[in-house]
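Residue numbers (the working numbering), protein chains in the order written: chain A, 1 to 563; chain B, 1 to 487. Notes follow the structure.
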Amino acid sequence: MKTNHRFFTFLFSFLCLLLPSLVAAQHITFETPDEYKSIGVYDAWEQSPFRTGALDGSHYVALTENPDTEINELTGTAPNPSATVLSIQRSRYGSNTFGARIDLNEPLSLGTAKKYVHVLLYKPVGEEAPAMLIGLGKRHDWEGQKPETQQFWVDASVPAQGQWNDLVFPITTNEAVDIYSFVIVPDLASPHLRTTDFVAYIDDIEVNDSPKPRFQLVNYPLNFDADQAPTRTDRALTKLTFTSTGEIAKNVTIPTTTVYNNLTEKTTVNAKAGSTVTVKMTYKGAWMSGYVYVDWNNDGQFTPAITNHQPTEDSELVSYSYLGGYDSKGVSQTNGNSVVNGVISCPAFTIPEGTQPGIYRMRLKVDWDCDDAGGNSNPNNLLTANGGAVVDVLLNVHEENVAISANQLNGDVLRSDGTALSDAPIPFGKSFKIKMEPAPGFTYTGVVITHGYNLDGPEYVRDNHQYRAITIPATSFNETTNEYTIPAAYIDGEVRIEGFFTPDMDGVRAVQTDQSNHSAQVAQDFPRHFTVDGRPISPQPVCRGVNICRGVYISNGRKILVK
Amino acid sequence: MVAMMALCTAVTGQIYEETLPNPENEPAPVHPVPSHRQLLWQETEFYAFFHFGMNTFTNAEWGDGSEAESRFAPTKVPNPRQWLTAVKAAGMKGGIAVVKHHDGFCLWPTATTTHSIVNAGNENGRQTNIPKDFSEAARDLGMKYGFYVSPWDLNSGYWGDGTSNYVNKVFLPQCLELAKYGSDQFEMWFDGATGGDHAGYYGGNRGTRTIADASTYYDIPNLRDTVHAIAPNCVIWGVGDEARWIGNEAGWAGETNWSMGWGESGNEHNWKWRAGESDAKATNKGWFWHSGESPKSASELFKIYLETVGRNATLILNFPPDQSGELPQADVTVLEQLGTMIQQRLGTDLIANATSVTASTTREAGATRTYDVSNLTDGDKETYWATNDGEHTATINVEWSEAQTLHYVMLMEYIRLGQRIRKFSIETSLDGSSWTKCATTTTTVGYKRIVPLNNSTSTYSGIQARYLRITIEDSRSCPTLHTLSVF
C-alpha cells in the first residue's frame with residue numbers, strides 16, 4: 001500500500017456489509033436511543049460503592065459529542081465521524097473492572113461459534129492501561145438465573161491514547177448462553193493512586209465474524225510500497241553488521257529484490273542496557289548515508305528528536321552518518337557521501353541505562369539526508385529513486401540472567417542437578433540442560449518451551465514477535481538420563497517450560513492410534529487385541545503385560561517407542 | 001450493582017465532581033482484591049486431599065473408564081471420619097475428597113450414571129457415600145470440606161462427542177447433586193485434564209477424544225454461578241478461576257508469590273485475584289494408594305508447609321486411603337508427628353514477650369479506628385497497621401528485654417485491601433547497633449509469609465537476637481499488615 005506520508009494510515013474494511021442480519025442487530029452506534037435497552041455503569045468488585053449505593057452511577061455515563069471527529073488529511077476520512085458517542089467517567093472509587101454497561105435490546109446468542117466484538121474506544125493522553133470487555137448473561141434453559149452472570153472477561157492491548165481505536169474482543173460461550181449486556185472497561189488498572197477521574201469515550205459496538213480491526217494503525221509506516229522493487233542496479237544494500245558490547249558480532253545478508261526487507265522474524269540483535277551498539281552497512285554505490293532507529297516506546301513509529309545536531313536522549317533516530325551536515329555524534333561532515341570502501345559506518349550509539357528488558361523494533365535505512373524513517377519522500381530525492389534501502393530487525397535488550405520456571409502435572413521438569421528450575425535465574429544466551437522426573441506411574445511425552453518476553457500477553461506487540469513456543473517431543477530427550485539441552489537461542493528472555501506427563505503403559509512410552517483395536521493402552525485390565533501395522537502381536541485378546549520387543553514401531557502412521 | 005439510565009447527554013469531557021467520604025481514613029484498595037469467599041478460602045491455609053476411588057482397587061493413577069463397577073470392593077465401609085480426624089491432628093483445617101476421578105466412577109448414588117457405588121462389588125462398596133459421610137464428619141469435627149469431581153469422564157459415552165449432552169445430562173447435574181451435600185463447602189476442585197492422547201472407554205466407543213475449550217464446554221461461568229447460589233462460600237478451583245494451581249506438584253510456591261496471575265510466582269500486574277494453591281503428595285507413590293507406599297517424614301512435610309503456607313499459598317496435602325477405606329496407620333502416625341512439629345516450631349509467638357514493637361510511621365487514625373503498630377500483635381485479623389498515603393516504605397522494630405532464640409518471622413498483609421508489599425528485609429541484632437540481614441529472598445508477603453531466619457526451610461536452628469528490624473522497602477501503595485509473629 002502506498003502512503004507517501006509518515007503518519008498512521010487507516011485501513012478500512014467493510015465487512016459489516018457482508019454480515020447477516022443477526023450481526024446487524026448487534027450494532028450500536030449511540031446515535032439513537034432505540035439501539036440499546038439502557039446504559040449505566042458496572043463494577044465486578046463486590047464492595048464497589050457503585051454496588052453498595054454509596055455512589056450513583058447515573059452521573060458517570062452519558063451521551064456526548066464526539067471528542068475527535070478530525071478528518072485524516074491524507075485519507076480524507078475520519079476514523080470515527082459519529083456525532084454522538086458514549087462517555088464513561090472512570091471513577092477513582094471503582095475497581096479495576098469499573099466500566100460502562102450497555103444492555104442489549106435483544107439477547108445475543110453465540111451458539112458454538114466464536115464471535116468478535118468491535119468497540120471504538122478513545123482514551124485521553126496519559127492513560128496507559130488495557131481495556132476489557134465483560135459479558136453478562138445467562139443460560140436460556142435455566143429458570144430463575146439472573147442475566148447478570150459474568151460469562152466472559154476479555155482484555156485487549158493498551159489502546160493508543162488521544163485517538164480512536166477499534167478494539168477487537170474475541171468471545172465464546174457455551175451454546176446455551178445468551179448475552180444480555182456488554183461492559184466496556186476503559187481502564188483495567190487499579191485506581192488507588194488516582195486523585196482525579198478521567199473521561200473515556202465509547203462508540204460503534206459491533207458483533208461480527210472478523211478478528212481484524214475495522215481500521216487500524218499501520219505500524220512502522222513506509223513512504224513507498226512495501227514490495228517495491230529496486231529501481232537502480234548500481235546501488236544496493238547487501239549486508240548489515242552489528243556489534244555490541246559483550247555480544248558476538250552479527251552479520252545479516254540483505255536480499256536485494258525489494259527496497260524494504262522485514263527481517264524481524266529471523267534477525268534479532270542482542271544488547272544490554274548501557275552497552276554500545278555499532279552498525280555497519282555494506283553498500284554498493286555512493287553518495288548515500290546510514291540511519292538507525294529504535295522504537296523505544298513501542299508505539300509503532302520512529303520519532304526522531306535532534307537538538308544541536310545530535311539525537312536527544314529519547315530520540316528514536318539513534319544514529320546517522322549524515323543529517324544536515326553532521327553525523328549523530330555532532331561531528332561536521334563535509335558531504336553526505338558516507339560510503340567508504342563499500343561500507344557506511346554509523347556512529348556507535350548507547351542503549352540507555354534503565355531500558356526495560358524486552359523486544360524493540362530496530363530500523364536500518366540507507367537514504368539521503370533524511371530523518372524520516374519511512375524514507376525520503378522529497379520528489380527530488382526519493383529513497384526509491386536514489387537506490388536506498390530499509391531493513392527492519394528486532395532488538396533484544398536483555399539482562400545478564402533470565403528467569404526460568406516450569407509448570408506441569410504428574411511430574412517435574414528440573415535442572416540437571418535435580419533442583420527446581422525457578423531456584424535461580426540462568427545466563428542469557430547459554431544452552432541449559434533440563435531433566436524430566438515423572439511422578440510414580442507416569443512417563444513423559446515432551447515439553448513445550450515458551451521463551452521471550454511478555455509471556456502473559458499477546459504474542460505480537462506492534463507486529464513485533466515477543467515470544468515463541470517450541471514443542472520438544474520425548475524422543476529428543478536422552479532416553480537414559482531423561483535430559484535435554486535447551487539451545488542457547490531459546491534462552492533469550494524469560495523461559496517457561498510446560499512438561500507433559502501421561503500414565504506409564506507397561507513400557508509403551510508414547511502411543512497414539514486412531515483405532516481402538518490398534519491401541520497400545522495395554523496397562524488396563526480388560527482384554528483387547530493389540531496390533532502394530534495391522535499385524536497382531538498376539539493371536540488372542542491380551543491384557544496388561546503383553547510382551548512387545550524393545551524398539552520403535554510405526555502404527556497407523558504414528559511412532560511407538562517401546563523401551 | 002448497576003445504575004441504569006435511558007438517555008442523557010453531557011458536555012464532552014466534563015467531570016462530575018464527587019468525593020466519597022472516608023471518615024475512618026482507610027487506605028484505598030489496591031485492585032484486584034479478593035472476594036469474601038476467596039478470603040475465607042485463603043484462611044483455610046492447610047487442608048488435605050483424599051484420593052480414593054476405583055484406582056485404589058486397580059493400582060492405577062488414571063483409569064480409562066472401562067473398569068467394571070464390581071472392582072470397587074473395599075474391605076470395610078470407607079471411613080472419612082477417620083481421614084479427617086487424622087489430618088486434623090496435623091493442624092489441617094479441612095479436606096477435599098475425590099468423589100469422581102477421570103475414570104468416571106462416582107462415589108455417591110448419582111442419578112446421572114450407573115457407573116457408581118450403587119453397582120459396587122460388595123456391600124461395603126454399596127454402602128459407600130463419600131460426599132455424605134465426608135461432609136457430615138467434617139461438620140462434626142469443625143472442619144471445612146469440599147469435593148474433587150473430574151470434569152473429564154472416560155466412562156461416559158457423551159464426553160467429547162460433539163454435543164452438549166455430557167455437560168447437560170452428566171456433569172452439571174453431578175455438580176448440583178454434590179453441591180446439595182452441603183451449602184457450607186469451601187472448595188470444589190475441577191481437575192484440568194481434558195483428554196488428549198489418553199484413550200478411554202467412552203461408553204464402549206473406545207478411543208481418544210478431545211474438547212476445544214474446557215470453560216465453554218463445561219459452561220464454567222454458569223456452573224460457578226449455580227454452585228455459588230447453593231454454596232455461597234465455595235471457591236471453584238482451576239477452570240473455575242477463583243484459585244489457581246501453583247504450577248507444580250512438588251509442594252512449593254515461589255518466594256515471590258503474587259495472588260494474581262499464574263504459576264509459582266503469580267504476576268503483580270494481572271487484573272484478577274487468583275491466589276495459589278499447592279497440591280502435593282504426602283506419600284512416595286501416586287495420588288491414589290498403592291501397595292508398599294509410605295509417607296514422607298514429618299520433617300519433609302514441614303518443609304513443604306513452610307514453602308507453601310509460608311509463601312502466600314494454601315497447601316492441599318494428599319493422603320490416600322487404602323482398600324479398607326481408611327488411612328494407613330503409618331500416615332496417621334506421621335500426621336501426628338507433623339502436628340506436633342508445627343505446634344512446637346510455630347506455636348509460641350515470642351512477640352508476646354517483646355518489650356516494645358514500634359514503627360517508623362503510622363497512618364493517621366480515623367474516627368473510630370487506629371492503624372497503630374499494636375494492631376500487629378492484638379490477634380485480631382480485622383485490625384491492621386498502615387502508613388499514610390504516599391508512604392511506601394517503613395520500618396518496624398521489635399525489642400526484647402534479653403536475647404531470644406529466634407527461628408521464624410511471620411507477616412500477614414491485610415489482603416482485603418489488596419496485596420501490596422513488593423520487597424522487605426529482615427535484620428537481627430544483639431546490641432541494637434550491629435545488624436545482620438536475613439539473606440532469604442524477601443519480596444512479597446501476601447496473606448501469610450513465614451521467613452526462616454536461618455535461611456533454610458530444611459533445617460531448624462535458631463539465632464540469638466534481642467532486636468528485630470523489618471524494613472518494607474517497596475510497596476504498590478501504603479503497606480497494610482495485620483499480624484507480625486516471631487517464633
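Don't be surprised by glycine CBs; every beta carbon is placed ideally from N, CA and C. The structure displayed is predicted, hence computed values, not measured ones.
Taking the Cβ atom as the reference point for each residue, do residue i and residue j lie within a distance shorter than 8 Å?
{"i": "A:T350", "j": "A:G274", "result": "yes"}
{"i": "A:A389", "j": "A:I254", "result": "yes"}
{"i": "B:Q323", "j": "B:T110", "result": "no"}
{"i": "A:V402", "j": "A:V495", "result": "yes"}
{"i": "B:R311", "j": "B:A253", "result": "yes"}
{"i": "A:L86", "j": "A:F50", "result": "no"}
{"i": "B:V170", "j": "B:D184", "result": "no"}
{"i": "B:V409", "j": "B:V486", "result": "yes"}
{"i": "B:G196", "j": "B:T210", "result": "yes"}
{"i": "B:T443", "j": "B:E255", "result": "yes"}
Under the three-state reduction of DSSP, which class applies to residue i: helix, strand or coil?
{"i": "A:Q47", "result": "coil"}
{"i": "A:P427", "result": "strand"}
{"i": "A:N297", "result": "coil"}
{"i": "B:A89", "result": "coil"}
{"i": "A:S38", "result": "strand"}
{"i": "A:Y490", "result": "helix"}
{"i": "B:A42", "result": "According to the sequence shown, residue 42 of chain B is Gln rather than Ala. Helix, per DSSP."}
{"i": "B:M260", "result": "strand"}
{"i": "B:P74", "result": "coil"}
{"i": "B:W271", "result": "coil"}
{"i": "A:R535", "result": "Note that A:R535 scores a pLDDT of 46, beneath 50, so its modelled location is shaky and nothing firm can be said."}
{"i": "B:W287", "result": "coil"}
{"i": "B:R476", "result": "coil"}
{"i": "B:T362", "result": "coil"}
{"i": "B:I20", "result": "The residue asked about is misnamed: residue 20 of chain B is Leu in this sequence, not Ile. Coil."}
{"i": "B:H101", "result": "coil"}
{"i": "B:Q14", "result": "coil"}
Return the residue from the list the options that minimises the CA-CA distance to residue i.
{"i": "A:D40", "options": "A:F182, A:S244, A:T264", "result": "Position check: residue 40 of chain A holds Gly in this sequence, whereas Asp was assumed. The shortest Cα separation from A:G40 among A:F182, A:S244, A:T264 belongs to A:F182."}
{"i": "B:H51", "options": "B:E402, B:C438, B:L317", "result": "B:L317"}
{"i": "A:T282", "options": "A:N251, A:K433, A:W142, A:F302", "result": "A:N251"}
{"i": "A:Q26", "options": "A:D166, A:V85, A:E106, A:F215", "result": "A:E106"}
{"i": "A:R139", "options": "B:Y145, B:H198, B:N257, B:L172", "result": "B:L172"}
{"i": "A:I434", "options": "A:V447, A:T443, A:Q145", "result": "A:V447"}
{"i": "A:G162", "options": "A:R92, A:T238, A:N66", "result": "A:N66"}
{"i": "B:W262", "options": "A:N407, A:F302, A:Q356", "result": "A:N407"}
{"i": "A:T355", "options": "A:K280, A:A271, A:G285", "result": "A:A271"}
Looking at chain B, which residues of the region 421 to 450 of chain A have a Cβ within less than 8 Å of any of its Cβ atoms?
-> S422, A439, P440, G441, F442, T445
Can you list, in chain order, the stretches of the alpha helix (DSSP H) that have 4 or more residues and sit fully within the region 367 to 420 of chain A?
-> none
Sequence ranges, alpha helix (DSSP H) only - wholly within the region 104 to 180 of chain B, length at least 4 = 123 to 126, 130 to 141, 172 to 179
Which ranges would you report for the alpha helix (DSSP H) in the region 218 to 258 of chain B if only whole runs of at least 4 residues count?
-> 220 to 230
Could you name each continuous alpha helix (DSSP H) segment of 4 residues or more that falls completely within the region 300 to 339 of chain B, going from the start of the chain to the end?
-> none
Closer than 8 Å, Cβ to Cβ, to anything on chain A: give me those residues from the region 321 to 337 of chain B, in chain order.
-> none
Going along the chain, which unbroken runs of the beta strand (DSSP E) with 3 or more residues stay wholly within the region 44 to 68 of chain B?
-> 46 to 50
Chain A contacts from the region 162 to 195 of chain B (Cβ-Cβ distance under 9 Å) = S164, V167, N168, D191, G192, A193
Select from the region 259 to 288 of chain A all residues with a C-beta closer than 7 Å to any C-beta belonging to chain B, and list them in chain order.
-> none
Compile a chain-ordered list of the residues in the region 215 to 247 of chain B whose CB is closer than 7 Å to at least one CB of chain A.
-> T216, D219, P221, N222, D225, G247
Name the residues in the region 93 to 107 of chain B whose C-beta lies less than 8 Å from a C-beta of chain A; which are they?
-> none
Name the residues in the region 143 to 164 of chain B whose C-beta lies less than 9 Å from a C-beta of chain A; which are they?
-> S164
Closer than 9 Å, Cβ to Cβ, to anything on chain B: give me those residues from the region 194 to 220 of chain A, in chain order.
-> Result list: R194, T196, D197, F198, V199, Y201.
Which residues, in chain order, does the region 273 to 303 of chain B contribute to contact with chain A at a C-beta distance below 7 Å?
-> K285, G286
Check distances from the C-beta atoms of the region 246 to 270 of chain B to those of chain A and list, in chain order, the residues that come in under 8 Å.
-> G247, N248, E249, A250, W252, G254, G261, W262, G263, E264, S265, N267, N270
Got a sec: which bits of the region 163 to 180 of chain A sit with their beta carbon under 9 Å from any beta carbon on chain B, in order along the chain?
-> Listed by position, the residues of the region 163 to 180 of chain A near chain B (Cβ gap below 9 Å) are T172, T173, N174, E175, A176, V177.
Mind checking the region 437 to 463 of chain B against chain A and listing, in chain order, the residues whose C-beta falls within less than 9 Å of any C-beta there?
-> none
Which residues, taken in chain order from the region 27 to 46 of chain B, show a beta carbon closer than 9 Å to some beta carbon of chain A?
-> P27, A28, P29, V30, H31, P32, V33, S35, H36
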